[in-house]
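Student: Following the numbering used here, the numbering of the sequence shown begins with 2 at its first residue and continues without gaps. Built from N, CA and C at the ideal position, the CB exists for glycine as well. Please read through the structure below; I'll follow up with questions.
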Amino acid sequence: MEHIFSASADIELPSSRRSCWPAILRYNPFLPPQMYNVSPDTPANPVDVCYISTEKLPWKALNCSSTLQFGKMSLPLRMPKALLLQSKQGSLAVGTIDVPKAGPGELLVKTESTALNPADWKVQSYGIFVTDYPAVLGGDAAGIVEEVGEGVSGFAVGDRVLTEGNIDNAHATFQQYFIAVADITAKIPNNISFDHAASLPACVVTAVLGLFNQDDPAKSAALTPFWEESGKGKYVGKPIVVFGGATSVGQYVIQVAKLAGFSPIIGTASLHNTDLLKFFGATHVLDRKLSASELVAAVGKITSAPVELVYDTVSESDTQNAAYDVVAPGGTLVIVLQEAIDSAKKVAEKKVVHVYGSGHAAQNRKTAASFFSRFTALLEQGAIKPNRVEVLPNGLAGIVDGLERLKNNQVSGLKLVAHPQEGTA
Numbered sequence: 002m003e004h005i006f007s008a009s010a011d012i013e014l015p016s017s018r019r020s021c022w023p024a025i026l027r028y029n030p031f032l033p034p035q036m037y038n039v040s041p042d043t044p045a046n047p048v049d050v051c052y053i054s055t056e057k058l059p060w061k062a063l064n065c066s067s068t069l070q071f072g073k074m075s076l077p078l079r080m081p082k083a084l085l086l087q088s089k090q091g092s093l094a095v096g097t098i099d100v101p102k103a104g105p106g107e108l109l110v111k112t113e114s115t116a117l118n119p120a121d122w123k124v125q126s127y128g129i130f131v132t133d134y135p136a137v138l139g140g141d142a143a144g145i146v147e148e149v150g151e152g153v154s155g156f157a158v159g160d161r162v163l164t165e166g167n168i169d170n171a172h173a174t175f176q177q178y179f180i181a182v183a184d185i186t187a188k189i190p191n192n193i194s195f196d197h198a199a200s201l202p203a204c205v206v207t208a209v210l211g212l213f214n215q216d217d218p219a220k221s222a223a224l225t226p227f228w229e230e231s232g233k234g235k236y237v238g239k240p241i242v243v244f245g246g247a248t249s250v251g252q253y254v255i256q257v258a259k260l261a262g263f264s265p266i267i268g269t270a271s272l273h274n275t276d277l278l279k280f281f282g283a284t285h286v287l288d289r290k291l292s293a294s295e296l297v298a299a300v301g302k303i304t305s306a307p308v309e310l311v312y313d314t315v316s317e318s319d320t321q322n323a324a325y326d327v328v329a330p331g332g333t334l335v336i337v338l339q340e341a342i343d344s345a346k347k348v349a350e351k352k353v354v355h356v357y358g359s360g361h362a363a364q365n366r367k368t369a370a371s372f373f374s375r376f377t378a379l380l381e382q383g384a385i386k387p388n389r390v391e392v393l394p395n396g397l398a399g400i401v402d403g404l405e406r407l408k409n410n411q412v413s414g415l416k417l418v419a420h421p422q423e424g425t426a
């Protein structure tokens, strides 16, 4: 693979080649490196600058007779790195990968921070979703726009953005450069760091789709979105119970439920997370260790209104069955994993929906895009607050230990993030 870069007249070429200006620097990573100093001046014609830096580069200087247009993007001087799943249920290791190209409606993003999700270790351990290897994982990222694809408006090179990744090598986020879909990407306001921005997308999208996706009522409570005029104040005074309120998804369910007007907002969690849940908008916190009957009784003491909406962000067998007991006839239970409710207690009057929390899915795209168009303003206003984060050491390599911690339930109340640009030498 060769990356082609425009060069200025200050590259130290032999005098016999100085007549070639403007020149192109052609980088072949398989040739021995040599030192050439590239100054920050920009040759105006006939070559547009792609990358200006002082680096060790193998080169060939070529005469230019036609214009080369790269959109002034900063391509990497070396093949970028990614954390690669080597085979089905195999090991993860840092390797190199080609820079993807932004197509129509897409952005090329330099990854400054990527967040870890339980889905990542499950793909590795269970061999699900992925069929082609080596594979890149990762579904959350924040970074800098390097290239804007055809037909994209509202974004420019240099913008700070957050987005939800997808399960394919171009769109996954455990790598130094990836492709973002523009209509499910949002600019990061100045009050949000890359790390906090990376903690947001997939979990916020899961919360939003589980509650407000009217295009797929079989997988959503299909409420009127709070960000639309017709949804403002519609659910004021209605109770909601959030199982797993301290999970990343749970924290965002609480926040969007508050924005939709729900009250009381009752969360279950370890009681040491009580202040955290109340910070995000919960009015009451119940001990997650309570039995199903104790939870039903505790909720009944908080509100006499029927609980028509319960969101179980844990969705293990015991939480699903307890949540099903809490939801009133005529109500909806939203779950995030396969249904595991005792068939003996199932009744037609209670609806159970299993949310598919990807904004990339066709049935979810309209709702996700509509939300992302408001996302920046909600963050800027503080209406949606990001998770607490812990930055993993060692860049991409550090993700491996982080996924093991998630797998062993050693993370509570925060999001693990990594910096893919670290350790790139």
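Look up Y178 in the DSSP assignment and say whether it is helix, strand or coil.
Tutor: Strand, per DSSP.
Student: For I255 and V243, which I take to be in contact (beta-carbon distance under 8 angstroms), what is that distance rounded to the nearest angstrom?
Tutor: With a Cβ gap of about 6 angstroms, I255 and V243 count as contacting.
Student: Shortest alpha-carbon distance to L296 belongs to which of T314, S305, H273, D326?
Tutor: When only C-alpha atoms are compared, the closest one is D326.
Student: The beta strand (DSSP E) spanning K302 covers which residue range?
Tutor: Here K302 belongs to no beta strand (DSSP E); instead the alpha helix (DSSP H) covers 293 to 303.
Student: Which residue comes first and which comes last in the beta strand (DSSP E) that contains T320?
Tutor: Segment 318 to 327 is the alpha helix (DSSP H) holding T320; no beta strand (DSSP E) there.
Student: Starting from F244, trace the alpha helix (DSSP H) both ways and give me its first and last residue.
Tutor: Per DSSP, F244 belongs to no alpha helix (DSSP H); it is in the beta strand (DSSP E), 241 to 244.
Student: Just how far apart, CA to CA, sit G211 and A261?
Tutor: Rounded to the nearest angstrom, the two C-alpha atoms are 13 angstroms apart.
Student: Y127 lies in the alpha helix (DSSP H); which residues open and close that run?
Tutor: Per DSSP, Y127 belongs to the alpha helix (DSSP H) from 119 to 127.
Student: Look at D319 and I336 and say whether their C-beta atoms are less than 8 angstroms apart.
Tutor: Cβ distance not < 8 angstroms, so D319 and I336 don't count as in contact.
Student: With distances taken from CA atoms, which of K367, V137, I129 is nearest H172?
Tutor: Nearest of K367, V137, I129 to H172, Cα basis: V137.
Student: Within the segment 309 to 378, note down every full beta strand (DSSP E) run reaching 3 residues or more, in order along the chain.
Tutor: If we require 3 residues or more, the beta strand (DSSP E) runs fully inside the segment 309 to 378 come out as 310 to 313, 333 to 336, 352 to 355.
Student: In three-state terms, what does DSSP make of T97?
Tutor: If DSSP states are grouped into helix, strand and coil, T97 belongs with the strands.
Student: Identify the continuous alpha helix (DSSP H) that holds D196 and give its terminal residues.
Tutor: Note, D196: alpha helix (DSSP H), 195 to 199.
Student: Could you check what DSSP says for I400 in three-state terms: helix, strand or coil?
Tutor: I400: helix per DSSP, three-state reduction.
Student: In whole angstroms, give me the CA-to-CA distance for L117 and K102.
Tutor: Their Cα atoms are separated by approximately 24 angstroms.
Student: Return the chain-ordered ranges of every beta strand (DSSP E) run that is complete within the segment 220 to 261 and spans a minimum of 3 residues.
Tutor: Fully enclosed beta strand (DSSP E) runs of 3 or longer: 241 to 244.
Student: Is the beta carbon of I400 less than 8 angstroms from the beta carbon of A370?
Tutor: Their beta carbons are not under 8 angstroms apart, which means I400 does not touch A370 by this criterion.
Student: Can you give me the start and stop residues for the alpha helix (DSSP H) that D276 sits inside?
Tutor: Looking at the DSSP string, the run of the alpha helix (DSSP H) that includes D276 is 275 to 281.
Student: Quick one, which of T269, Q252, A362 has its alpha-carbon nearest A384's?
Tutor: If we check each option's Cα against that of A384, Q252 comes out closest.
Student: Might you give, ordered along the chain, the residues of its own chain that have their beta carbon closer than 7 angstroms to the beta carbon of I342, omitting 5 neighbours on each side?
Tutor: Excluding sequence neighbours, I342 sits near Q321, N322, Y325, V353.
Student: Roughly how many angstroms separate the alpha carbons of L93 and V205, rounded to a whole number?
Tutor: Cα to Cα, L93 sits roughly 27 angstroms from V205.
Student: Would the segment 171 to 188 count as touching the segment 220 to 237 if we require 3 or more Cβ pairs under 8 angstroms?
Tutor: Because the criterion of three Cβ pairs below 8 angstroms is not met, the segment 171 to 188 and the segment 220 to 237 do not touch.
Student: Measure the CB-CB distance between K386 and F281 and report whether it falls below 8 angstroms.
Tutor: Cβ distance < 8 angstroms, so K386 and F281 count as in contact.
Student: Look at the alpha carbon of G91 and the alpha carbon of D121, and state the distance between them as a whole number of angstroms.
Tutor: Taking the straight line joining both Cα atoms gives about 13 angstroms.
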